[in-house]
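See below for the structure under consideration.
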Amino acid sequence: MGITTARRGPCQNRPSRNPCPAALGAGAREETPEKLSPPGSDDQLLAKHKEGDREALEELFRRYRHVAYRVAYRLLGQEADALDAVQEGFLKAFTHLTAFQGRSSFKTWLLRVISNSALDLGRQRGRREIRSLDGWAPGDQETPLTLENPSGGLERADLRLLLCEALASLPEAQRQTFVLHADGELSYREVAETLDISIGTVMSRLFYARQKLRLYLSGRIEI
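Position one of the sequence shown corresponds to residue -9 (this note's numbering), numbered consecutively onward.
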(Lines of atoms letter the chains of each structure in order from A and count residues from 1; the text may use other names and numbers.)
(Lines give C-alpha, C1' and ligand atoms only; values in the text may rest on other atoms or scores of the structure.)
Protein backbone atom coordinates (compact mmCIF):
# COMPACT_ATOMS: atom_id res chain seq x y z
CA MET A 1 0.00 0.00 0.00
CA GLY A 2 1.68 3.17 -1.08
CA ILE A 3 0.78 6.71 -0.24
CA THR A 4 1.46 10.05 -1.79
CA THR A 5 3.33 12.43 0.44
CA ALA A 6 3.01 15.56 -1.63
CA ARG A 7 1.86 18.80 -0.05
CA ARG A 8 -1.34 17.38 1.41
CA GLY A 9 -2.94 17.18 4.82
CA PRO A 10 -2.10 14.20 7.02
CA CYS A 11 -5.58 12.74 6.76
CA GLN A 12 -5.39 12.67 2.98
CA ASN A 13 -2.51 10.23 3.08
CA ARG A 14 -2.98 6.53 3.44
CA PRO A 15 -0.85 4.12 5.49
CA SER A 16 2.11 2.50 3.78
CA ARG A 17 4.59 -0.19 4.67
CA ASN A 18 7.22 1.78 2.75
CA PRO A 19 9.11 4.70 4.26
CA CYS A 20 7.70 8.12 3.58
CA PRO A 21 9.48 9.56 0.49
CA ALA A 22 9.55 12.98 2.08
CA ALA A 23 11.22 11.57 5.17
CA LEU A 24 13.78 9.73 3.04
CA GLY A 25 14.49 12.90 1.12
CA ALA A 26 14.99 14.86 4.32
CA GLY A 27 17.41 12.28 5.62
CA ALA A 28 19.44 12.44 2.45
CA ARG A 29 20.03 16.19 2.62
CA GLU A 30 22.98 16.73 4.88
CA GLU A 31 22.83 20.44 4.22
CA THR A 32 19.57 20.74 6.21
CA PRO A 33 20.42 19.26 9.64
CA GLU A 34 17.32 20.79 11.20
CA LYS A 35 15.29 18.09 9.44
CA LEU A 36 17.25 15.45 11.35
CA SER A 37 16.42 16.78 14.80
CA PRO A 38 14.27 14.55 17.05
CA PRO A 39 10.56 15.22 16.45
CA GLY A 40 9.77 15.24 20.17
CA SER A 41 7.10 13.55 22.25
CA ASP A 42 3.41 13.45 21.38
CA ASP A 43 2.73 16.17 23.95
CA GLN A 44 5.45 18.37 22.45
CA LEU A 45 4.02 17.90 18.97
CA LEU A 46 0.55 18.78 20.18
CA ALA A 47 1.95 21.89 21.82
CA LYS A 48 3.70 22.82 18.58
CA HIS A 49 0.43 22.35 16.71
CA LYS A 50 -1.31 24.76 19.08
CA GLU A 51 1.45 27.26 18.32
CA GLY A 52 0.72 26.97 14.60
CA ASP A 53 3.30 24.36 13.52
CA ARG A 54 1.65 22.61 10.56
CA GLU A 55 4.28 19.86 10.48
CA ALA A 56 3.31 18.62 13.95
CA LEU A 57 0.20 16.80 12.76
CA GLU A 58 2.12 15.34 9.82
CA GLU A 59 4.58 13.81 12.27
CA LEU A 60 1.80 12.39 14.46
CA PHE A 61 0.24 10.83 11.37
CA ARG A 62 3.55 9.26 10.32
CA ARG A 63 4.10 8.03 13.85
CA TYR A 64 0.80 6.18 14.20
CA ARG A 65 -0.42 5.40 10.68
CA HIS A 66 0.89 1.80 10.73
CA VAL A 67 -0.61 0.78 14.08
CA ALA A 68 -3.85 2.56 13.15
CA TYR A 69 -4.06 0.53 9.94
CA ARG A 70 -3.36 -2.75 11.75
CA VAL A 71 -6.18 -2.09 14.19
CA ALA A 72 -8.64 -1.06 11.48
CA TYR A 73 -7.74 -4.00 9.27
CA ARG A 74 -8.16 -6.55 12.06
CA LEU A 75 -11.54 -5.09 12.94
CA LEU A 76 -12.81 -4.97 9.35
CA GLY A 77 -10.88 -7.68 7.48
CA GLN A 78 -10.88 -5.64 4.25
CA GLU A 79 -8.00 -3.51 3.06
CA ALA A 80 -10.16 -0.89 1.35
CA ASP A 81 -12.46 -0.58 4.36
CA ALA A 82 -9.47 -0.35 6.71
CA LEU A 83 -7.93 2.46 4.66
CA ASP A 84 -11.22 4.35 4.67
CA ALA A 85 -11.56 3.88 8.43
CA VAL A 86 -8.01 5.11 9.05
CA GLN A 87 -8.53 8.18 6.91
CA GLU A 88 -11.85 8.95 8.58
CA GLY A 89 -10.40 8.27 12.04
CA PHE A 90 -7.42 10.57 11.59
CA LEU A 91 -9.70 13.26 10.18
CA LYS A 92 -11.97 13.02 13.21
CA ALA A 93 -9.03 13.01 15.62
CA PHE A 94 -7.23 15.97 14.06
CA THR A 95 -10.37 18.08 13.72
CA HIS A 96 -11.44 17.39 17.31
CA LEU A 97 -8.14 17.65 19.14
CA THR A 98 -9.84 19.74 21.81
CA ALA A 99 -11.58 16.53 22.90
CA PHE A 100 -8.19 15.13 23.92
CA GLN A 101 -7.68 16.35 27.44
CA GLY A 102 -4.50 14.46 28.27
CA ARG A 103 -6.03 12.06 30.80
CA SER A 104 -4.49 9.21 28.78
CA SER A 105 -1.71 9.04 26.25
CA PHE A 106 -2.38 10.46 22.80
CA LYS A 107 -1.90 6.98 21.30
CA THR A 108 -4.65 5.39 23.40
CA TRP A 109 -7.02 8.25 22.61
CA LEU A 110 -6.23 8.05 18.90
CA LEU A 111 -6.72 4.28 18.73
CA ARG A 112 -10.07 4.69 20.42
CA VAL A 113 -11.10 7.08 17.64
CA ILE A 114 -9.68 4.78 14.95
CA SER A 115 -11.27 1.61 16.32
CA ASN A 116 -14.65 3.31 16.77
CA SER A 117 -14.45 4.63 13.20
CA ALA A 118 -13.70 1.12 11.96
CA LEU A 119 -16.63 -0.40 13.86
CA ASP A 120 -18.96 2.37 12.69
CA LEU A 121 -17.88 1.82 9.10
CA GLY A 122 -18.45 -1.91 9.45
CA ARG A 123 -21.99 -1.32 10.65
CA GLN A 124 -22.70 1.19 7.89
CA ARG A 125 -21.58 -1.25 5.23
CA GLY A 126 -23.66 -4.06 6.64
CA ARG A 127 -20.82 -6.19 7.97
CA ARG A 128 -22.14 -9.09 9.98
CA GLU A 129 -20.44 -11.53 12.28
CA ILE A 130 -19.72 -14.79 10.48
CA ARG A 131 -21.26 -16.80 13.27
CA SER A 132 -21.85 -16.47 16.98
CA LEU A 133 -19.91 -18.50 19.49
CA ASP A 134 -21.95 -17.34 22.46
CA GLY A 135 -22.86 -20.94 23.19
CA TRP A 136 -19.25 -21.81 23.90
CA ALA A 137 -18.62 -23.06 27.42
CA PRO A 138 -15.15 -22.72 28.98
CA GLY A 139 -13.52 -26.01 29.77
CA ASP A 140 -9.86 -25.84 28.93
CA GLN A 141 -7.25 -23.88 30.79
CA GLU A 142 -6.18 -20.66 29.16
CA THR A 143 -3.05 -21.12 27.09
CA PRO A 144 -1.22 -18.64 24.86
CA LEU A 145 -2.75 -18.30 21.42
CA THR A 146 -0.19 -17.96 18.65
CA LEU A 147 -1.73 -16.42 15.56
CA GLU A 148 1.31 -15.70 13.42
CA ASN A 149 2.63 -19.23 12.96
CA PRO A 150 1.43 -20.59 9.59
CA SER A 151 1.38 -24.23 10.71
CA GLY A 152 -0.53 -27.11 9.13
CA GLY A 153 0.81 -26.30 5.67
CA LEU A 154 -1.23 -23.12 5.35
CA GLU A 155 0.12 -20.28 3.28
CA ARG A 156 0.45 -16.97 5.08
CA ALA A 157 -2.37 -15.44 3.04
CA ASP A 158 -4.66 -18.30 4.01
CA LEU A 159 -3.73 -17.79 7.65
CA ARG A 160 -4.57 -14.09 7.46
CA LEU A 161 -7.96 -14.94 5.96
CA LEU A 162 -8.68 -17.48 8.68
CA LEU A 163 -7.64 -15.00 11.34
CA CYS A 164 -9.95 -12.34 9.93
CA GLU A 165 -12.81 -14.83 9.91
CA ALA A 166 -12.02 -15.89 13.47
CA LEU A 167 -11.93 -12.28 14.70
CA ALA A 168 -15.20 -11.54 12.90
CA SER A 169 -16.80 -14.38 14.87
CA LEU A 170 -16.20 -12.55 18.16
CA PRO A 171 -18.78 -10.23 19.73
CA GLU A 172 -17.90 -6.62 18.92
CA ALA A 173 -16.75 -5.69 22.43
CA GLN A 174 -14.42 -8.67 22.67
CA ARG A 175 -13.09 -8.09 19.16
CA GLN A 176 -12.30 -4.43 19.83
CA THR A 177 -10.62 -5.25 23.16
CA PHE A 178 -8.55 -8.06 21.65
CA VAL A 179 -7.43 -6.04 18.64
CA LEU A 180 -6.43 -2.99 20.71
CA HIS A 181 -4.31 -5.25 22.93
CA ALA A 182 -2.84 -7.56 20.27
CA ASP A 183 -2.51 -5.25 17.26
CA GLY A 184 -2.63 -1.85 18.93
CA GLU A 185 0.02 -3.05 21.39
CA LEU A 186 -1.78 -1.45 24.31
CA SER A 187 -1.37 -2.72 27.85
CA TYR A 188 -4.37 -3.87 29.90
CA ARG A 189 -4.44 -0.48 31.61
CA GLU A 190 -4.23 1.39 28.30
CA VAL A 191 -7.05 -0.70 26.82
CA ALA A 192 -9.12 0.03 29.91
CA GLU A 193 -8.47 3.76 29.47
CA THR A 194 -9.24 3.59 25.75
CA LEU A 195 -12.60 1.86 26.21
CA ASP A 196 -13.44 3.43 29.58
CA ILE A 197 -13.81 0.04 31.27
CA SER A 198 -12.11 -1.61 34.24
CA ILE A 199 -8.93 -3.66 33.94
CA GLY A 200 -10.92 -6.64 35.20
CA THR A 201 -13.33 -6.26 32.28
CA VAL A 202 -10.39 -6.08 29.88
CA MET A 203 -8.95 -9.31 31.30
CA SER A 204 -12.32 -11.05 31.12
CA ARG A 205 -12.92 -10.01 27.52
CA LEU A 206 -9.44 -11.09 26.48
CA PHE A 207 -9.83 -14.46 28.22
CA TYR A 208 -13.06 -15.28 26.41
CA ALA A 209 -11.82 -13.83 23.12
CA ARG A 210 -8.74 -16.05 23.20
CA GLN A 211 -10.77 -19.12 24.03
CA LYS A 212 -13.30 -18.46 21.29
CA LEU A 213 -10.53 -17.84 18.77
CA ARG A 214 -8.92 -21.14 19.78
CA LEU A 215 -12.24 -22.91 19.35
CA TYR A 216 -12.85 -21.37 15.93
CA LEU A 217 -9.35 -22.15 14.68
CA SER A 218 -8.92 -25.54 16.32
CA GLY A 219 -10.48 -27.44 13.43
CA ARG A 220 -8.64 -25.41 10.81
CA ILE A 221 -5.11 -24.92 12.10
CA GLU A 222 -2.84 -26.46 14.72
CA ILE A 223 -2.50 -24.00 17.60
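For glycine and all other residues, C-beta sits at the position ideal for the given N, C-alpha and C.
Cβ pair residue i, residue j closer than 8 Å
i	j	result
Phe171	Leu149	According to the sequence displayed, residue 171 carries His and not Phe. No, the Cβ-Cβ distance between His171 and Leu149 is not below 8 Å.
Leu36	Phe96	yes
Leu47	His56	no
Val270	Ala89	Because the chain is modelled from -9 through 213, residue 270 falls outside the range shown and cannot be assessed.
Leu151	Arg210	no
Leu111	Ala83	no
Asp173	Arg93	no
Given residue i as reference, the closest of the options once Cα atoms are compared
i	options	result
Gln201	Arg113, Arg64, Phe168 and Gly190	Phe168
Ser208	Gln166, Gln114, Ala156 and Asp173	Ala156
Gln166	Arg52, Gly30, Ala72 and Leu109	Leu109
Ala114	Leu151, Trp99 and Asp71	Per the sequence shown, the amino acid found at residue 114 is Gln instead of Ala. Selected option, being the one with the closest Cα: Asp71.
Ala62	Cys154, Arg210 and Arg44	Cys154
Glu78	Thr191, Arg60, Leu152 and Ile104	Ile104
Asp65	Ile189, Ser94 and Arg102	Checking the sequence shown, residue 65 turns out to be Leu, not Asp. Looking at the Cα atoms, Arg102 is the closest of the given residues.
Leu87	Asp32, Leu111 and Leu73	Asp32
Straight-line gap, residue i to residue j (C-alpha atoms, nearest Å)
i	j	result
Leu50	Glu162	28 Å
Asn106	Leu81	13 Å
Arg179	Asp186	10 Å
Arg52	Leu203	32 Å
Glu183	Ala199	19 Å
Glu41	Gln91	17 Å
Glu194	Gln164	Note that residue 194 is Ser in the sequence shown here, rather than Glu. Straight-line Cα distance between these residues: approximately 9 Å.
Thr191	Leu160	16 Å
Gly67	Arg44	33 Å
Thr74	Ser188	The sequence as given places Asp at residue 74; Thr does not occur at that position. Asp74 and Ser188: Cα-Cα distance of roughly 30 Å.
Glu69	Gly30	31 Å
Tyr54	Thr85	16 Å
Leu205	Val181	24 Å
Thr98	Gln34	16 Å
N-terminal and C-terminal residue of the alpha helix (DSSP H) that residue i is part of
i	result
His56	Glu45 to Leu66
Thr191	Ile189 to Ser208
Ser177	Ser177 -> no alpha helix (DSSP H), and no H or E assigned at all.
Ser105	Phe96 to Gln114
Phe90	Neither: Phe90 is in no alpha helix (DSSP H) and is coded neither H nor E.
Asp33	Asp32 to Lys40
Leu160	No alpha helix (DSSP H) contains Leu160, which DSSP labels as neither H nor E.
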